[in-house]
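The listed protein sequences correspond, in order, to chains A and B. Residue 1 is where the first sequence starts when you use UniProt numbering, and the numbers rise one by one after that. Residue 1 is where the second sequence starts when you use UniProt numbering, and the numbers rise one by one after that. Report on one structure; see the data block that follows.
Protein chains: 2
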Amino acid sequence: MKAIQLYYPPEWAHCYGCGYLNPMGLHLKTYWDKERRESRTAFTPSPHHTAIPGFVYGGLLASLVDCHSTATAAAAKADADGLDLETHPLRFVTASLKVDYLKPTPLGPELVLVGRAKEVKGRKVVVETELYANGEVTVRGEAVLVQITEGFGQGDTVPTRR
Amino acid sequence: MKAIQLYYPPEWAHCYGCGYLNPMGLHLKTYWDKERRESRTAFTPSPHHTAIPGFVYGGLLASLVDCHSTATAAAAKADADGLDLETHPLRFVTASLKVDYLKPTPLGPELVLVGRAKEVKGRKVVVETELYANGEVTVRGEAVLVQITEGFGQGDTVPTRR
């Protein structure tokens, strides 16, 4: 199965969290389960991704939720519109990100994130994510994503919060 | 003036975002203006902290808001309780983080974050943050922080969401 991020056009594939063209990045890869309509990724933090010793840095956890959500939005939108990402690559950016740290996330084990689109409406998708460590949910995320179009950041296509 | 993070006890100073003992970290330093009751930090992202080329990665922005908020909480709590951080070091962790990306944040200029405590109540502090690029607010954050005590993560002192 091909990761959703690998469908991103090269000009939008430099993201520190998930871009395949960022040599210093985290290279998060999200997979879409078409039947269950949910996304999944796994990531093992490095020892330096510390918060309080023994636990994962919250900024990294927010980053994982962020990139996993943008990818989930692309897959969910493609699904909703009956598009194939291979021929219709979609790219979303984050308008709003909410992360609840339910308990400290242990540093060491692989983390698994599962995402679902709660809403798909025009260029906007709302994604809910659960992050698991040792099979237990330690973080919950909710993100509002906006689909970008050519010329992003150069004028009226800049997404604003809605 | 001494940065708030430099008051953290060494056992709680390994945070990737702001710990002085993390050799790989971002070393964010937050300063407290006692008169204005607001916190300030500045950070210049690296070229690899890209989202869409030309703009800063949202996960990094969330990380900056996160660490700036935990430090702001320590200073605001010390202020509210009339404590000196030198003799009474306080350390907060994040229970909940909300980041609104009002517009894309340009990659290049130094970013400035200004934080204020909206609420200080027992071990809980709510912090609002504005992030400026070229003098313009591009990101707004709100975080709920919880003060930790000795033995964090080892039992009943684990903060849970409230």
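Glycine included, C-beta positions come from ideal geometry on N, C-alpha and C.
Put simply, the CB of Pro10/B is far from chain A, with every gap to its CB atoms at 7 Å or more. Just so you know, the alpha carbons of Ser63/B and Lys98/A end up roughly 13 Å apart. For Ala80/A, the uninterrupted alpha helix (DSSP H) segment begins and ends at 58 to 81. A distance below 7 Å between beta-carbons, with the five flanking residues on each side excluded, links Ala51/B to the following residues of its chain, in chain order: Tyr57, Gly58.
By the neighbour-count definition (other C-beta atoms within 10 Å, threshold 16), Asp84/B is an exposed residue.
Counting only unbroken stretches of 4 or more residues, no alpha helix (DSSP H) element lies wholly within the region 16 to 61 of chain A. Straight-line spacing of the CA atoms in Leu6/A and Met1/B works out to 47 Å.
Contact of Pro53/B with chain A is assigned, a C-beta pair being separated by under 7 Å.
Excluding sequence positions up to five before and after Ala71/B, its CB lies within less than 6 Å of the CB of Ile4, Gln5, Thr30, all in the same chain and listed in chain order. For Asp100/B, the uninterrupted beta strand (DSSP E) run begins and ends at 92 to 101, by DSSP. Less than 7 Å divides the Cβ of Lys124/A from the Cβ of Val146/A.
Spanning the alpha carbons of Lys34/A and Glu86/A requires a straight line of approximately 15 Å. Taken in chain order, the members of the region 6 to 32 of chain B whose beta-carbon sits within less than 8 Å of a beta-carbon on chain A are Glu11, Trp12, His14, Cys15, Tyr16, Gly17, Gly19, Asn22, Pro23, Met24, Gly25. Boundaries of the beta strand (DSSP E) around Lys124/B: 124 to 133. Under the DSSP assignment, Glu119/A falls in the beta strand (DSSP E) whose first and last residues are 111 to 121.
Annotation for Ala13/B: no beta strand (DSSP E) segment contains it, and DSSP assigns it neither H nor E. Looking at the DSSP output, Gly141/A bridges to Val99/A, Thr129/A.
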